[in-house]
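Protein chains in written order, with the working numbering: chain V, 43 to 507; chain F, 188 to 414.
Quick reminder that beta carbons are idealized off the backbone N, C-alpha and C, glycines included.
Computed from a predicted structure; not experimentally measured.
Worksheet for the structure shown next.
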Amino acid sequence: MMKRLRIERATGQLLAARPGCPSTPGAALRSSYKCATQVAPVRYSSSSSAVETEPVYEEDGTDHSRFPPLEKLPPNTSTLPSPLPYRALESAKLSALHARLSLSPKIPLQTLARTLVDASADPNPLFNNSSLAFLGATIINYHASEWFMVHYPRLPMDVLFAAMAGLAGPAPLNRIAKSWGIEVAAAPGGEVDPGLLQFSLENPGESIAGFGYTRTVVDKINKNNWKRSVASKVIYDDDFGQLIMPRKAKESEDKAVEEDQGQGVYHEEAANPTPKFSPTSYGSSTTRELSEKAHANFARAVVGAVYTHCGRAAAKSFVKAHVLCRELDLERLFAFKHPTLELAMLCAREEFEPPVARLLSETGRLSRTPVFVVGVYSGNDKLGEGQGATLEQARLKAAMHALKAWYLYSPGEGAKVPSDVLEMETGGGGGGGGGGEQQGQGQGQQGKNKGWEPAYIDIGELISR
Amino acid sequence: MEATLSRPAARCCCLLKTTTPSTSRLPPLLSNQQQTRQKSTRARHKASLNIPPHPSFLSNPPASSQTGSTTLIFNPPSSAPSVFQTPFKFLPKSDPRRRATLAKNLFSSSVTTNFASQPVDVSSLPTIFDDRSPATTPKNHSLTKEDVEEMRRLRLADPIKNSVLNLARQFGCSVMFVMMCVQAGKEHRDKVHVEPHAAARERWGPKKRQAKEERKRRMEMLMRGEI
Numbered sequence: 043m044m045k046r047l048r049i050e051r052a053t054g055q056l057l058a059a060r061p062g063c064p065s066t067p068g069a070a071l072r073s074s075y076k077c078a079t080q081v082a083p084v085r086y087s088s089s090s091s092a093v094e095t096e097p098v099y100e101e102d103g104t105d106h107s108r109f110p111p112l113e114k115l116p117p118n119t120s121t122l123p124s125p126l127p128y129r130a131l132e133s134a135k136l137s138a139l140h141a142r143l144s145l146s147p148k149i150p151l152q153t154l155a156r157t158l159v160d161a162s163a164d165p166n167p168l169f170n171n172s173s174l175a176f177l178g179a180t181i182i183n184y185h186a187s188e189w190f191m192v193h194y195p196r197l198p199m200d201v202l203f204a205a206m207a208g209l210a211g212p213a214p215l216n217r218i219a220k221s222w223g224i225e226v227a228a229a230p231g232g233e234v235d236p237g238l239l240q241f242s243l244e245n246p247g248e249s250i251a252g253f254g255y256t257r258t259v260v261d262k263i264n265k266n267n268w269k270r271s272v273a274s275k276v277i278y279d280d281d282f283g284q285l286i287m288p289r290k291a292k293e294s295e296d297k298a299v300e301e302d303q304g305q306g307v308y309h310e311e312a313a314n315p316t317p318k319f320s321p322t323s324y325g326s327s328t329t330r331e332l333s334e335k336a337h338a339n340f341a342r343a344v345v346g347a348v349y350t351h352c353g354r355a356a357a358k359s360f361v362k363a364h365v366l367c368r369e370l371d372l373e374r375l376f377a378f379k380h381p382t383l384e385l386a387m388l389c390a391r392e393e394f395e396p397p398v399a400r401l402l403s404e405t406g407r408l409s410r411t412p413v414f415v416v417g418v419y420s421g422n423d424k425l426g427e428g429q430g431a432t433l434e435q436a437r438l439k440a441a442m443h444a445l446k447a448w449y450l451y452s453p454g455e456g457a458k459v460p461s462d463v464l465e466m467e468t469g470g471g472g473g474g475g476g477g478g479e480q481q482g483q484g485q486g487q488q489g490k491n492k493g494w495e496p497a498y499i500d501i502g503e504l505i506s507r
Numbered sequence: 188m189e190a191t192l193s194r195p196a197a198r199c200c201c202l203l204k205t206t207t208p209s210t211s212r213l214p215p216l217l218s219n220q221q222q223t224r225q226k227s228t229r230a231r232h233k234a235s236l237n238i239p240p241h242p243s244f245l246s247n248p249p250a251s252s253q254t255g256s257t258t259l260i261f262n263p264p265s266s267a268p269s270v271f272q273t274p275f276k277f278l279p280k281s282d283p284r285r286r287a288t289l290a291k292n293l294f295s296s297s298v299t300t301n302f303a304s305q306p307v308d309v310s311s312l313p314t315i316f317d318d319r320s321p322a323t324t325p326k327n328h329s330l331t332k333e334d335v336e337e338m339r340r341l342r343l344a345d346p347i348k349n350s351v352l353n354l355a356r357q358f359g360c361s362v363m364f365v366m367m368c369v370q371a372g373k374e375h376r377d378k379v380h381v382e383p384h385a386a387a388r389e390r391w392g393p394k395k396r397q398a399k400e401e402r403k404r405r406m407e408m409l410m411r412g413e414i
């Protein structure tokens, strides 16, 4: 499911922001206090004087005599797309966010400020969070998929895609980011507080969002509602089995570059690339989608920042604490078409006796509200039980119950995921975190770490869809 | 009569009876509304309600309880079983739970318990939809190419007489196998399955139409596990 990570590409320029003494949150508060004392007194003007004097308009059209700036800004700030990095040290919101997330002091405030700048606010990848978000997405999706593979080794691929989207997709990450107490800037710009999430509602920017390919027949799939096989979803589509929509090709050279790449990196773009609304009209589905995307990318970027400055173990525990700990009702992700047939196929594959439906108990057969309890037996073993108002309904429910009991088998909470091997090792072996979701990962390590046992993974799909 | 006088409603009736002169019409009215219970049915009702208590209440207290320690009785209320409790048969070979319950499942597996927690033999439980169950229909897995050709010929010659079910019975195979081997022509499908239903559907009124739609939606909800 996961593809190879290319971490060095994502974080090369980021290490320029050196973690050090002046950038720790406490120091930032002190420096901002100093700044506040050193700042020249803001020019206040009473209403009577405002009437007499001519209003002074800045280059952005703001009347600074009526709306005086809260802090002294360097010249030409409002022409910049995002706030300057050093202003991160003066933002109380950023320090509060740093403390609220219990981030390590190794993570400088400048990096945290950069995670809040969406690609739609600042198109320059040296200043926006797209590289960090890409890195964070790969880390989150890797940990989520290995957790599902080991803890629910028999999940069908469709359900696994849905479970991944329910745990690590844009919607849950949006909710996680909102639960961190992020406030949104009304509009991006150089003058906004660096502690606010900045994204543009006018120009949905392009950011690298993950691995995958744009299919050549994507238009026909959308138009004719073609069926996509599960295998092709694994190969072509993104980590949640969603179709990757093509980029709007603006120039032909852009298209040529895209074809040249061939690395399966796709770009994320809103469904409506040319919005027909003004930035003040909030609350439409498009703005909600843009907001969700920006919040999710921020959450991913924070994980990327944790990985960059604190390493693999810290990033894993951060993902565990914020993403994997959330509850997801896996039972409700299932929908069946022919449950009795599927159960018969399962019993044939596993060489069990064929399933037989038996009536366990009933009440009120001739009444208006009868209840039948039906059990599905394979030989003498009961596989599932269901109750319904008709015999047929009860039998279907019993078959579905048996299938869910099969698919949702779990070896227990204590099962070790492949990345636990890296923690068991005392030294070295840092680069191998990408691949192993199968048993092969464990077998090489087995001699050294007696605590590791290869995970049980089911042989595959019951029904090829 | 002394016993009925203690009930307030009965007293009202008695008052009516004494005050109004024309009481001859009232008693049959009241007696119609009252439930009658004969001696035989009362005994039967009582017997059916006489369910023995759960075995956990009947089991003898262990020897340690005589020394003063408490006994734990685990008797939860009946509820739908959870899908996260994997049946013994579905546990993989490597699972420690399989080893823990192996002996129990090997030696007492043909006996289950009913709602009153009494032991019941599994084979004595009635099966439902026997004709559709793959276990009870014996299958002939040695059909030759000639058999399949014959099956095709029969089905195409007279699809009404040689229905899928009849052919499955005749050749001793499953219905699914017959449908895999041969499909009746489109005109037969339209004549048997589409046209009569379409004609019947034309006659449906709004209530029936809505009821059918709701039934369909209920089935979809059932398949999604929502009801």
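Query: Short of 8 Å Cβ to Cβ, which residues in the region 432-457 of chain V face chain F?; Result: L433, E434, Q435, R437, L438, K439, M442, H443, A444, K446, A447, W448, L450, Y451, S452 and P453
Query: Tell me which residues share the same chain as V/H443 and place their Cβ nearer than 7 Å to its Cβ, disregarding the 5 neighbours each side in the sequence.; Result: G426, E427 and G428
Query: Could you say which of V/S162, V/Y419, V/L115 and V/D164 lies nearest to V/C389 if we only look at CA atoms?; Result: V/Y419
Query: Would you decide whether F/R352 is buried or exposed? Buried here means 16 or more other CB atoms lie within 10 Å of its CB.; Result: The question names Arg, yet the displayed sequence has Leu at residue 352 of chain F. Under this definition F/L352 is an exposed residue.
Query: What residue range is occupied by the uninterrupted beta strand (DSSP E) comprising V/L405?; Result: The sequence given here places Thr at residue 405 of chain V; Leu does not occur at that position. Residues P397 to T405.
Query: Would you say F/S281 lies against chain V (beta-carbon separation less than 7 Å)?; Result: yes
Query: Smallest Cα separation from V/R400: which of F/S281, F/E389, F/P313 and F/E382?; Result: F/P313
Query: By a C-beta neighbour count over all protein chains shown, 10 Å radius and 16 as the cutoff for buried, is V/I499 buried or exposed?; Result: exposed
Query: Compare the C-beta of V/Y498 with all C-beta atoms of chain F and state if any pair is closer than 7 Å.; Result: yes
Query: Hey, V/V348 and V/A356 are a contact pair by Cβ (cut 8 Å); roughly how many whole angstroms apart?; Result: 6 Å
Query: Assuming V/D423 and F/F271 make a contact with CB atoms under 8 Å, what is their CB distance in whole Å?; Result: Between F/F271 and V/D423 the Cβ distance is about 18 Å, and since that is not below 8 Å, they are no contact.
Query: I'd like to know whether the C-beta of V/G484 is nearer than 7 Å to at least one C-beta of chain F.; Result: Its pLDDT being 40, under 50, V/G484 is placed unreliably by the model, and the measurement read from it follows with that caveat. For V/G484, the answer is no, since every Cβ of chain F falls outside 7 Å of its Cβ.
Query: Between the region 106-126 of chain V and the region 227-238 of chain V, can you find at least three pairs of beta-carbon atoms closer than 8 Å?; Result: yes
Query: Count the other CB atoms, across all protein chains shown, that sit within 10 Å of the CB of V/S172; report buried if there are 16 or more and exposed otherwise.; Result: buried
Query: Considering just the uninterrupted stretch of the alpha helix (DSSP H) at F/Q357, what are its terminal residues?; Result: V351 to F358
Query: Contact between the region 213-230 of chain V and the region 250-270 of chain V is defined here as three or more beta-carbon pairs at a separation below 8 Å; is this criterion met?; Result: no
Query: In chain V, which residues lie less than 7 Å from F/L312 when you measure between Cβ atoms?; Result: R400, L401 and L402
Query: Tell me, please, whether the CB atom of F/P239 is closer than 7 Å to any CB atom in chain V?; Result: no
Query: Note down the Cα distance separating V/L215 from V/A175, rounded to an integer number of angstroms.; Result: 12 Å
Query: Using a Cβ-Cβ cut-off of less than 7 Å, list which residues of the region 402-413 of chain F approach chain V; keep chain order.; Result: L409, M410, R411 and G412
Query: Taking Cβ-Cβ distances below 8 Å as the criterion, which residues of the region 127-140 of chain V are in contact with chain F?; Result: none
Query: Can you give me the start and stop residues for the alpha helix (DSSP H) that V/D462 sits inside?; Result: S461 to M466
Query: For V/L133 versus V/D235, is the C-beta distance shorter than 7 Å?; Result: For the record, residue 133 of chain V in the displayed sequence is Ser; it is not Leu. Yes, they are a contact pair.
Query: Out of V/R391, V/V260, V/T405 and V/D280, state which residue places its alpha-carbon closest to the alpha-carbon of V/N183.; Result: V/D280
Query: Can you list, in chain order, the residues of the region 355-378 of chain V whose Cβ is nearer than 7 Å to any Cβ on chain F?; Result: E373, R374, F376, A377 and F378
Query: If you follow the beta strand (DSSP E) that V/S249 is in, where does it begin and where does it stop?; Result: S249 to F253
Query: Show which residues of chain V have a CB atom less than 7 Å away from the CB atom of F/K276.; Result: F394, S420, D423 and L425
Query: Between the region 264-281 of chain V and the region 238-248 of chain V, do three or more beta carbon pairs fall short of 8 Å?; Result: no
Query: For a contact defined as C-beta to C-beta under 9 Å, what are the partners of V/V413 on chain F?; Result: Those do not exist, as V/V413 stays about 12 Å from chain F at its closest Cβ, beyond 9 Å.
Query: Check this for me: beta carbons of V/V416 and V/R437, under 7 Å apart or not?; Result: yes
Query: State the DSSP-derived secondary structure class of V/Y451, mapped to helix, strand or coil.; Result: coil
Query: Quick one: using the 10 Å Cβ neighbour count with 16 as the cut-off for buried, is V/R342 buried or exposed?; Result: buried
Query: When the Cα atoms are used, what is the spatial distance from V/T180 to V/T157?; Result: 16 Å
Query: Does chain V have any CB closer than 7 Å to the CB of F/V351?; Result: no
Query: Which of helix, strand or coil does DSSP assign to V/Q240?; Result: strand
Query: Between which two residues does the alpha helix (DSSP H) holding F/L245 run?; Result: P242 to L245
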